[in-house]
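Enquirer:
Residue numbers (the working numbering): 3 to 539.
(1) For residue 375, tell me which candidate among 503, 149, 239 has the shortest Cα-Cα distance.
(2) Please classify residue 198 as buried or exposed, where buried requires at least 16 other C-beta atoms within 10 Å of its C-beta.
(3) Which of the three DSSP states is assigned to residue 288 in this structure?
(4) For residue 3, collect the residues of the same chain with a Cβ closer than 8 Å to its Cβ; drop the 5 residues on either side in sequence, then sort them by chain order.
(5) Does any CB atom of chain D fall closer than 9 Å to the CB of residue 45?
(6) Considering only the alpha carbon of each residue, which of 408, 79, 227 lies closest to residue 353?
(7) To the nearest angstrom, how far is the alpha carbon of residue 69 from that of residue 245?
(8) Spatial neighbours of residue 59 within its chain, please: CB distance less than 6 Å, with the 5 preceding and 5 following residues excluded, ordered by chain position.
(9) Could you give the C-beta distance for residue 471 and residue 488, rounded to a whole number, given that I count them as a contact under 8 Å?
(10) Return the CA-CA distance between residue 476 and residue 485, expressed in angstroms with no decimal places.
(11) Curious, which full-length alpha helix (DSSP H) runs of at least 4 residues does the segment 283 to 348 contain?
(12) Taking residue 396 as part of the alpha helix (DSSP H), name the residues at either end of that continuous run.
(13) Count the other CB atoms, across all protein chains shown, that sit within 10 Å of the CB of residue 184; report buried if there are 16 or more and exposed otherwise.
(14) Nearest CA to the CA of residue 410: which residue from 155, 118, 132, 367?
(15) Taking the beta carbon of residue 494 as the centre, do at least 16 other beta carbons fall within 10 Å, making it buried, or is it exposed?
(16) Just the C-alpha distance for residue 520 and residue 362, rounded to the nearest angstrom, thanks.
(17) Please return the same chain residues whose Cβ sits closer than 6 Å to the Cβ of residue 338, not counting the five positions on each side in sequence.
(18) To which residues of the same chain is residue 218 closer than 8 Å at the C-beta, ignoring the five residues directly before and after it?
(19) In three-state terms, what does DSSP make of residue 222?
(20) Let me know if residue 150 comes out buried or exposed under the rule of 16 or more other beta-carbons within 10 Å of its beta-carbon.
(21) Could you pull the start and end residues of the alpha helix (DSSP H) that residue 66 belongs to?
(22) If you run the structure through DSSP and keep just helix, strand and coil, what is residue 46?
(23) From residue 101 to residue 35, what does the alpha carbon distance come to, in whole angstroms?
(24) Give the straight-line distance between the Cα atoms of residue 262 and residue 415, rounded to the nearest whole angstrom.
(25) My assumption, with CB atoms under 8 Å, is that residue 382 sits in contact with residue 444. Please give the rounded CB distance.
(26) Would you tell me roughly how many angstroms separate the C-alpha atoms of residue 53 and residue 73, rounded to the nearest one?
(27) Can the beta-carbon of residue 405 be found less than 9 Å from the beta-carbon of residue 294?
(28) Quick one: what's got a C-beta closer than 7 Å to residue 541's C-beta in the same chain, skipping five residues either side?
(29) Can you tell me whether DSSP reads residue 210 as helix, strand or coil?
(30) Inspect the beta-carbon positions of residue 239 and residue 79 and report whether they are closer than 9 Å.
(31) Cutting at 7 Å between CB atoms, please list the residues of its own chain near residue 128, excluding the five before and the five after it.
(32) Could you pull out every residue in the same chain whose Cβ sits closer than 7 Å to the Cβ of residue 453, ignoring the five residues on either side in sequence?
(33) Hey, out of 135, 347, 431, 329, whose CA is closest to residue 304's CA?
(34) With residue 249 as the anchor, note down where its alpha helix (DSSP H) starts and where it stops.
(35) Residue 278 by DSSP, collapsed to three states: which one?
(36) Distance check for residue 158 and residue 346, CA to CA, integer angstroms please.
Dropping the structure here:
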């Protein structure tokens, strides 16, 4: 009996030693972590860095508002198309080769953006940038899961998560500063030295590729790739352009919606029926990945949606400049980084569902606090809510990554990471589309309600108009001009109040979404606290 137990113990120790030996050892693993994360950080920052420079780009290249919007849309579409293909491309060409190629291509495309002499060249360069960038985000996370043993995944994913969480806040800050001080082209040129450093680090530090003979000689699923481009590209364009084109009142948007539904149905059928799919949807058999990807979409809606609403409020209502808005978001980004590192040390020891629940409730409370905005709201009023938003969001992001991907077999990590990151990106796009539409609708509603109380028969309205007209007359305006100025001023006050009420509705909506997402946690695993080591192959 004792002999059997001893043999079993020896066998377990042997299996544990083999499992540990399949991971990178020593300082090299941290060099790999920093290299992979640097590529992901560049990709995430470039999603938002261009937003604050659109007005300058429009003026320089002589584009309309709708035309210059494709500088953002083109990047986003290319990005989401490539993310799910990154696992297949990494298997075919090798993870290191593909990562180095993507990093070099992203850097070159950034330089092309900086040198663009007209809008078509800039949009094409941004599409190329998005295509190469799509290979960096999911591949970086997969590299980390394959480099670090389960016990160290918390810290490794924390390094990766700092960039992904803080990037959307850092982007506008850095973009605003570079645009105001050096010009918009430098938001792209800044990638050149960092990109070159990342390429060299990837060449030196990433482990060499294994021979992938089976993958190289397999048939290429061209039909699946085409269907993916059509379906996901149509969906992203639908989300990016829907509000501007008045959704289903536009034939173009309606066509995109139909194309998305048909394309997705055919894509799913194709990938589940072919022997060698371009995107392995069969990985969704893992319950943790399926549930985690759904929650990742909700997290993307809340994370990017909240980061979308705050700058709009700051610039549209508080009249902040791009640089001021960036600095408003900076403390929250710093809080995210600090909490991410601290959390990395304990996340593998605590039930991920508990941490995610705390983060969701905390973020919801912050959103409800932000909904108390008034015309007198200023930087001091937003400082602590945005600081806490940065801290609480991390409590969802890092544990969710571990709970979703930490228990997957090694051979499924690349495909799982690609799908997981895709849902977060699409969730962000869906969230922004919903919030943009909701913002416009609520603003129109609140303005209509406020105007019902403004009537020439209302003594308060008459008194307010007379007071405003008297103030303008005291500054030198004649009676007729002062009256017109008073009406204009009153209209501006109504618009301001309607905008503030609509932003308050947006913040409340995001808070409710996070609270409603809590039942999904029952479908997740324990993550770091209960995850098994990935199975080698």
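We put the beta carbon where it would ideally sit given N, CA and C, even for glycine.
Expert: Straight from the coordinates:
(1) 503
(2) exposed
(3) coil
(4) With a pLDDT of only 47 at residue 3, under the threshold of 50, the placement of this residue in the model should not be trusted, and no figure is reported.
(5) Checking the listed chains, one finds no chain D in this structure; it contains a single protein chain.
(6) 408
(7) 15 Å
(8) 70, 186
(9) 4 Å
(10) 12 Å
(11) 289 to 318, 324 to 346
(12) 381 to 407
(13) exposed
(14) 155
(15) exposed
(16) 7 Å
(17) 167, 168, 392, 396
(18) Reliability fails at residue 218, whose pLDDT of 49 lies under 50, so the model's placement of it is uncertain and the value that follows must be treated cautiously. Around residue 218: 94.
(19) coil
(20) buried
(21) Residue 66 -> no alpha helix (DSSP H), and no H or E assigned at all.
(22) helix
(23) 13 Å
(24) 27 Å
(25) Their Cβ separation, rounded to whole angstroms, is 26 Å, which puts residue 382 and residue 444 out of contact at 8 Å.
(26) 9 Å
(27) yes
(28) This structure cannot settle anything about residue 541, because the visible part of the chain is limited to 3 through 539.
(29) coil
(30) yes
(31) 73, 76, 77, 115
(32) 496
(33) 431
(34) Where residue 249 is concerned, there is no enclosing alpha helix (DSSP H), given that its DSSP letter is neither H nor E.
(35) coil
(36) 7 Å
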